[in-house]
Amino acid sequence: MPKHYFPDDANWIQEMLLQLSPSARNRALVAYSEVYQEHWELEPVSYRKDNKARHEANSRLRQYVRRYSKAMQGYTSAPLLVGQ
């Protein structure tokens, strides 16, 4: 589990991490913890700190898993052509 996270998110985080390879899991855990802590510290209102940190960290993890898991399965898009 990440170093910093909200306890109620533990099951969801585990589910998301199981979709990744072991090496990608470690990177995702470190990034999740950094994003959570950064946004928790940036929020000036004390009762909003957890919600802001959870939202940002969970959103980033969701996007990372969606993109990385598709790439692992071989889903890629054709490169864009210049001028179109």
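The sequence shown runs 897 to 980 under this note's numbering.
Glycine included, each C-beta is placed from N, C-alpha and C at the ideal position.
Just so it is clear, the structure is predicted and the values come from calculations on it, not from any experiment.
How many Å lie between residue i and residue j at the Cα?
| i | j | result |
| --- | --- | --- |
| Phe902 | Met912 | 15 Å |
| Arg921 | Leu977 | 33 Å |
| His900 | Asp946 | 11 Å |
| Thr972 | Leu938 | 36 Å |
Beta-carbon within less than 8 Å of residue i's beta-carbon, same chain only, minus the 5 sequence neighbours each way: which residues are those?
| i | result |
| --- | --- |
| Ser965 | Gln915 and Leu916 |
| Arg958 | Met912 |
In this structure, how does DSSP classify residue i when only helix, strand and coil are distinguished?
| i | result |
| --- | --- |
| Val931 | helix |
| Ala920 | helix |
| Ser973 | coil |
| Glu952 | helix |
| Leu914 | coil |
Note down, in chain order, each residue of its chain lying with its Cβ closer than 6 Å to the Cβ of residue i, except the 5 sequence neighbours on either side.
| i | result |
| --- | --- |
| Pro898 | Leu925, Tyr928 and Ser929 |
| Ala949 | Tyr932, His935 and Trp936 |
| Glu952 | Val931 and His935 |
Got a sec? Which residues, its chain only, sit under 7 Å from residue i by beta carbon, not counting five neighbours each side?
| i | result |
| --- | --- |
| Val961 | Met912, Gln915 and Leu916 |
| Asp905 | Arg950 and Asn954 |
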